[in-house]
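Data first, discussion second: the structure below is written as structure tokens.
Here's what the structure looks like:
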């Protein structure tokens with residue numbers, strides 16, 4: 565699948581396209597098929613995202629997982645500071661990242 | 305240290321106002337990201353993996369307790385409780401919001417700090433010797449010259465859109481603690497036979513994709529002409545440097561392409577033009593700046609004796625405390641490299657502790673080092689034990705300066721959008737493998753430097769042992785380099801061969817150190833042994 | 011020609027179209043010349059006395075070669091109009107003014123309010139340049 569990601573313009577938070585908006589959680593990302601680029605340009609023009617780009621991902625029972633390690637790290641947070649990730653209390657939260 | 309006058313303060317305040325307006329226009333859609341990106345980079349604001357990142361300038365690495373405490377305040381109020389000291393003596397914050405950046409700059413301006421030209425294609429924050437003003441081996445304090453250049457290069461109108469970034473380092477000692485020959489311009493303060501002050505000028509060094517050790521372009525530049533000569537070099541590069549390929553736009557490529565002789569000829573010719581502009585800062589201004597760097601009121605008659613009865617303290621003294629030019633004083637290095645930690649990271653609480661200790665024990669002065677540690681430059685030897693106790697309580701007394709666990713590491717793929725591989729976990733695994741301090745001390749001085757991509761923020765080319773993280777078909781892979789040095793004997797490391805995975809690189813490092821222990825001669829550091837026996841025995845040890 | 015608020019001179023603008031550097035050097039009776047980013051501005055120096063307009067083009071706002079071209083022209087004593095053309099944005103115009111540009115013909119419109127705020131913002135300068143600003147080191151020592 566292909567999913568769309570970028571950063572929130574005013575806060576810089578990592579965000580994922582959900583089909584009708586943006587979420588902090590990669591689990592809510594949807595397959596954009598070949599529509600990623602036009603969505604990205606329109607959302608950038610509306611200043612709802614900064615630096616949007618389309619990536620490959622795999623659908624899993626727990627939700628989409630980005631194909632490249634860089635985007636997996638973006639999706640959760642720094643591997644060396646689990647306390648600062650999106651799921652700081654879940655010791656296994658990062659099992660799919662590396 | 306330097307204190308702003310009304311002009312310095314007005315300029316920094318105007319910059320806050322300017323950036324606030326630029327951010328406002330970006331958020332209102334009046335400028336595009338393509339237009340805004342160079343503007344925010346000129347103020348040290350990146351968009352990284354998880355958020356915006358703000359790099360705050362610490363000019364030539366010098367700051368006081370009040371400024372340090374402000375850095376802690378920013379970590380708490382606008383970030384997530386910590387900061388990261390960088391290999392250019394700056395600090396950066398990883399979790400900044402664009403909408404907060406103008407307020408952060410306004411806070412910084414209240415303590416005479418800023419983020420001006422800490423990124424972008426501009427003349428970057430000056431770096432210098434972290435022992436300046438304290439070292440026994442310097443001919444004069446290099447920081448007045450660094451401050452002169454800080455001012456002269458701030459918002460220089462002709463050089464605001466250079467082909468690429470431009471880094472300057474200034475030192476004044478034979479021992480090079482600032483890696484001057486790996487800078488775009490390296491300046492070493494010297495005296496000529498007549499006793500006049502001047503500079504050795506090295507141009508065209510750098511790391512990154514195409515590393516070079518800078519050649520000596522001018523053996524003696526009269527100190528009074530420092531700035532006009534730099535302007536000449538910058539103009540030759542601004543006009544003739546490549547603009548067609550981002551990887552070939554640094555001045556080192558121009559120096560290499562033209563050849564040292566022709567490049568020097570062009571700079572000297574341009575200098576003759578520029579001398580007519582009277583752009584050199586007059587010596588009366590240099591003297592004004594220099595008064596700010598007058599030595600602190602050192603007490604006289606102090607004893608040089610140190611009570612070494614506590615063995616842990618004695619170990620720390622041996623490793624982290626360096627000779628000072630004033631009797632009874634010492635230079636203290638605070639390692640930010642505890643085993644299990646993140647190189648260069650420091651919590652807001654630790655920042656506050658360091659600020660307090662600088663005020664209490666070091667004439668309210670501290671330094672950030674390019675090795676991502678902190679220095680208290682002027683400590684009475686009789687205060688060392690008390691200071692050490694306080695540092696130990698804050699987790700800041702790791703006695704590993706210049707040992708294998710005192711690793712330089714860039715943020716790598718855990719934070720950086722340019723990275724290809726993580727650096728921090730590799731540093732942690734190596735520090736863990738060599739955690740036994742006796743073993744580290746047996747290995748002696750060993751500078752290990754890790755970069756997570758070819759841009760070399762982790763100075764891997766200049767490591768006695770260097771590690772470069774690369775992306776091999778979507779997985780992290782690590783190349784090993786041997787024989788680099790950023791010191792006065794500058795050299796570039798050589799890649800040993802095929803790369804390794806994360807555990808493999810730790811094993812490879814250990815095979816290298818084992819080989820060193822097996823073949824070293826009396827008194828040799830790792831680098832000395834490597835230079836004596838050459839590359840092959842180590843390659844053999846690594847790959848068998 | 012530049013809008014009024016983008017021209018910082020009192021004289022009448024030249025009506026003559028700017029010719030390329032090559033054309034100018036072939037036929038030096040022209041009084042208006044256009045310089046591209048990579049061209050050597052010093053070729054113009056022998057002819058400055060009969061030039062009234064020099065346009066310096068910025069193909070991309072991040073290409074800073076034109077700043078040196080302007081500075082060199084003013085250092086050589088050029089007093090005529092010096093116009094920045096092309097990808098010229100408001101956030102670069104303060105430094106362009108300092109390097110000696112005194113008119114602007116940008117590709118995209120400039121907001122006059124933002125421009126005024128930009129040019130008024132810095133009361134003090136650290137360096138000498140091609141403008142009249144007195145560097146702070148001189149202010150400090152009278």
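Chains as they are written, first to last, in this note's numbering: chain L, 565 to 662; chain C, 305 to 848; chain P, 11 to 152. Each residue gets a CB set at the ideal place from its N, CA and C atoms; glycine is no exception. Please read these numbers as outputs of a predicted model, since none were measured by experiment.
Check: Alpha carbon to alpha carbon, what distance is there between residue 809/C and residue 821/C?; Outcome: 19 angstroms
Check: Please state if the CB of residue 445/C and the CB of residue 597/C are separated by a distance shorter than 7 angstroms.; Outcome: yes
Check: What is the DSSP secondary structure of residue 11/P, counted as helix, strand or coil?; Outcome: For residue 11/P, the predicted structure reports a pLDDT of 46, less than 50, and the residue's modelled location is therefore unreliable. A value from the coordinates is still provided. Three-state DSSP puts residue 11/P in coil, outside helix and strand.
Check: Residue 445/C touches chain L at which residues, Cβ-Cβ below 8 angstroms?; Outcome: Chain L residues near residue 445/C: none, gap ~38 angstroms exceeds 8 angstroms.
Check: Could you tell me which chain C residues have their CB closer than 9 angstroms to the CB of residue 643/L, listed as they occur along the chain?; Outcome: 717, 718, 726, 728, 729
Check: Count the other CB atoms, across all protein chains shown, that sit within 10 Å of the CB of residue 587/C; report buried if there are 16 or more and exposed otherwise.; Outcome: exposed
Check: Would you mind stating whether residue 751/C and residue 762/C have Cβ atoms separated by less than 7 angstroms?; Outcome: no
Check: So, helix, strand or coil for residue 813/C, using DSSP?; Outcome: helix
Check: List, in order along the chain, the chain L residues whose C-beta lies closer than 8 angstroms to that of residue 403/C?; Outcome: 574, 575
Check: Measuring CA to CA, which of 59/P, 75/P, 61/P is closest to residue 49/P?; Outcome: 75/P
Check: Along chain L, which residues have their Cβ under 9 angstroms away from the Cβ of residue 356/C?; Outcome: 571, 575, 576
Check: Around the Cβ of residue 60/P, are there at least 16 other Cβ atoms within 10 angstroms (buried) or fewer (exposed)?; Outcome: exposed
Check: Could you tell me the alpha carbon to alpha carbon distance between residue 25/P and residue 42/P, rounded to whole angstroms?; Outcome: 9 angstroms
Check: With a threshold of 16 other CB atoms inside 10 Å of the CB of residue 320/C, please say whether the residue is buried or exposed.; Outcome: buried
Check: Mind checking which residues open and close the alpha helix (DSSP H) that includes residue 151/P?; Outcome: 146 to 151
Check: Measuring straight from C-alpha to C-alpha, what distance separates residue 831/C and residue 603/L?; Outcome: 54 angstroms
Check: When you check each C-beta in the stretch 746 to 780 of chain C against every C-beta of chain L, which residues fall closer than 9 angstroms?; Outcome: 775, 778, 779, 780
Check: Can you tell me where the alpha helix (DSSP H) with residue 447/C in it begins and where it stops?; Outcome: 447 to 457
Check: Residues of chain C with a CB under 7 angstroms from the CB of residue 648/L: which are they?; Outcome: 384
Check: Report yes if the C-beta distance between residue 512/C and residue 518/C is below 7 angstroms; otherwise report no.; Outcome: no
Check: Name the residues in the stretch 536 to 566 of chain C whose C-beta lies less than 8 angstroms from a C-beta of chain P; which are they?; Outcome: 539, 542, 543, 547
Check: Note down, in chain order, every chain C residue with its Cβ under 9 angstroms from the Cβ of residue 634/L.; Outcome: 353, 717, 721, 723, 724, 775
Check: Report buried or exposed for residue 437/C, applying the criterion of at least 16 other Cβ atoms within 10 angstroms of its Cβ.; Outcome: buried
Check: Below 7 angstroms between beta carbons: does that hold for residue 137/P and residue 109/P?; Outcome: no
Check: Does DSSP put residue 702/C in a helix, in a strand, or in coil?; Outcome: coil
Check: At a Cβ threshold of 7 angstroms, is residue 333/C touching chain L?; Outcome: yes
Check: I need the DSSP call for residue 158/P, collapsed to helix, strand or coil.; Outcome: Since the first residue of chain P shown is 11 and the last is 152, residue 158/P is not available in this structure.
Check: Which residue from 322/C, 577/C, 685/C, 734/C puts its Cα closest to that of residue 854/C?; Outcome: Residue 854/C cannot be examined here, being either before or after the span of chain C that is shown, 305 to 848.
Check: Count the CB pairs spanning the stretch 391 to 398 of chain C and the stretch 351 to 362 of chain C that are closer than 8 angstroms, and state whether there are at least three.; Outcome: yes
Check: Of all the beta strand (DSSP E) runs that stay within the bounds of the stretch 41 to 72 of chain P, which reach a length of 3 or more residues?; Outcome: 42 to 45, 63 to 68
Check: I need the DSSP call for residue 442/C, collapsed to helix, strand or coil.; Outcome: strand
Check: From 644/L, 629/L, 651/L, pick the residue whose C-alpha is nearest to that of residue 567/L; which is it?; Outcome: 629/L
Check: According to DSSP, simplified to helix, strand and coil, what is residue 581/L?; Outcome: strand
Check: Are the Cβ atoms of residue 766/C and residue 486/C separated by less than 7 angstroms?; Outcome: yes
Check: Buried or exposed for residue 642/L, please, with buried defined as at least 16 other CB atoms from any protein chain shown within 10 angstroms of its CB.; Outcome: buried
Check: Under a Cβ-count criterion, where at least 16 other Cβ atoms within 10 Å of its own Cβ denotes burial, should residue 685/C be classed as buried or exposed?; Outcome: buried
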